[in-house]
Every structure is written in C-alpha cells, then in structure tokens.
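Okay, so here's the structure we're looking at.
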Amino acid sequence: MRAIAVSEYGATPALMNLPRPEPGPGEILVRVIAAGLNPLDWKIAEGMLKDSVDVPFPLILGRDGAGVVEEAGEGVTRLRHGEQVYGAFGMVERGLGSYAEYVLVREDGPVARMPQGMIYTQAAAVPTASATALAMVDQARIDTGQTVLVVGATGGVGQGAVQLASRAGAKVIATARDDMAGTMRRLGADETVDHSAGDLNQQVLAVHSDGIDAILDMAGDNRSAEHLVQLLRPGGTYISTTWSVNPDSMEAKGLRGVNLQGQPSAELLERLSDLIDSGALRVRVEREVPLEQAADALADNRMGGARGKTVLRV
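Those letters in the sequence shown? Residues 1 to 314, per the UniProt record's numbering, in order.
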C-alpha cells in the first residue's frame, strides 16, 4: 500500500510502498479516503515521542482520517464492513498512521460513524482538532454570560473552540488578523483582536476593563501565558494545549490553570457527530492536497498561521 512515512526521526517524510496491515481480534481495517493533518504529525516525525514510546521504523505518519471499514477482526460488533467511519487512527507504537491507503483502529478506540451528509475530506479534519476544542470548553466550564478569549482562533482547534464557546452562551473574543475577522464573527465571535496590531492585554482591557473569565490558548508559550493570565478575573480559568501554564502558580493567585492533552474518544466523536448534524459545529477545510504532497503540507503547517484544516486526499 502507498503510505507517507519516515525512516528515522528527523528524516523527510517520503512516499513508500509498505505492507497492508491485517486486523487482529477487536480491530478493524479502514480503507482511508482522506487524512487530516495536525501539528502533532510533524512533531512526532521530528522525535517528540523518542523518549517515551518505542517506535518501529518506517513510521507511517498521521493520526486523523476518514474512510470505509474494509475488514473486521474477530469479535468486532460495533462497526461493519462498508460503513463510513472517521476517527483518530494512528497506532504509533506499531508504526501505523492515517497517511496511508489502509490503517487499523481498535473497535473500542477513537472511531465513530461519520456525520450524516459529511464528505470524507471534511470528516478527516474533525477528530483531533474538534475533539480538543470540545474538551477545552468542557474543562473551562464555560457558561452563559462569561467572557472568553480564544488565542489561536483561526486554526482548526481555535475555530471549533470559538463555535462551541459561543454555543455555551459565552461572549467570545477571538484573536485574528483583519482578513479573518469576518470569518471569526460568522463562527460566533462577538469581538476580534489582532495579535499583530499591538499588545493583546491592552486591546482586551480597552473593552473589558474588569477582566475576563477564561482563556482558551492554542498558540502561546510560557512567556505569553504569564502575560495573558493577568486578564483573568478572580476564579478565572486558563486552558492551554501547548502546556504553557503553571497550575500551582495560578492556584496561588486564585485562578485555575489546565494543560490539556487532546485525546479523541468514541464518546467525544459521537458528540461531535451530533453537533455537526445539528449545524452547531462547522469544520473549515482550508486546503486539500494529494497524499504525495504530504511533506510540503507538513512543512507549511510547521511555519504556523493556519486558517483552517489541511487534508490529504488518499
């Protein structure tokens, strides 16, 4: 089968011809139609897991995908041959990922039936980004009447967070340049602030002089987090997907800090399917590229500035 893999950490991802995996008990084989690209993919290729997971090479990249159940292993009952599914299919410890024509996933793992009427390229963009956004809003305990700042709002996770926080009844402030301000408002943001136009704290406090209730941050480092946390009212919450907050330090200030590791699950995917089916969550695919151009797409993603999701057509 065709697959995009690396022969060692730090190697340039390349198109390879590798054996098709076979499903064992409790596993399903998915014929991948589209694969979603995430920053995690190039981070793994560069060696993020080298000290924590014994990874075999060649390592097929990719986590998210959408496709069709090709074959079910012994004992599988939840999903059947021919069903359209989406989820987080990567099995890094076995060298398997979604940038391939076929991939394995456990039946009890992060896989679910695709939302009704959704095409494969859209579904492949959902699992990690939208599940992370949903988990952030859950963890922040966002409620009606709160004011929430979404940092990194134009990316895949950020666009989901804007929509879900707005749906929860919050007033949403999204970070975005002028050319994306209209998109953010259409997704539910009440206000936008341009991180390239000056200090974010000053821009937010100019309108919300008494501070805000929560920050959902997909982009900041430790230094920026220390600065932004000054915006929070007593009892406020800061959720970071880049592990940039110090929970102990924040607790001492009467604040709550959470470093979140996004992890899709069947339950989260089913909740997302319901939200998508009802029109409460929209997924914006910024770019579609063929599998063969995965290396260039990963390099572009590494440069930052995403304005939606990149999807590989397998």
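Glycine is no exception: its CB is placed at the ideal position from the N, C-alpha and C atoms.
Nearest C-alpha to G26 among G109, V92, L15, P19: G109. Contact annotation: the stretch 229-239 touches the stretch 252-272, with at least three C-beta pairs closer than 8 Å. A14 and I4 have their C-alpha atoms roughly 5 Å apart.
Collapsing the DSSP output to three states places G257 in a strand.
The beta carbons of A129 and G160 sit closer together than 7 Å. The C-beta separation of A124 from A45 comes to about 19 Å, leaving the pair out of contact by the 8 Å criterion.
Put simply, the stretch 70-82 does not touch the stretch 43-58. Fewer than three CB pairs are less than 8 Å apart. Per DSSP, the beta bridge partners of L232 are I212.
As computed with DSSP, L291 is found in no beta bridge at all.
Setting aside the 5 residues that flank it on each side, V68 is surrounded in the same chain by V30, R31, I33, G82, E83, Q84, V85, each with a C-beta closer than 8 Å to its C-beta; the list follows chain order. Between the alpha carbons of Q116 and L164 lies a gap of roughly 20 Å. Sequence-distant partners of N201 (beyond 5 residues in either direction) whose C-beta falls short of 8 Å from its own C-beta, in its chain, are H227, L228, Q230, L231. T192 and A176 have their alpha carbons spaced roughly 6 Å apart.
Of the other Cβ atoms in all chains shown, 16 or more fall within 10 Å of the Cβ of A219; this residue is therefore buried. As the crow flies, the alpha-carbon of E93 is around 11 Å from that of I60.
Spanning the alpha carbons of G24 and A189 requires a straight line of approximately 46 Å.
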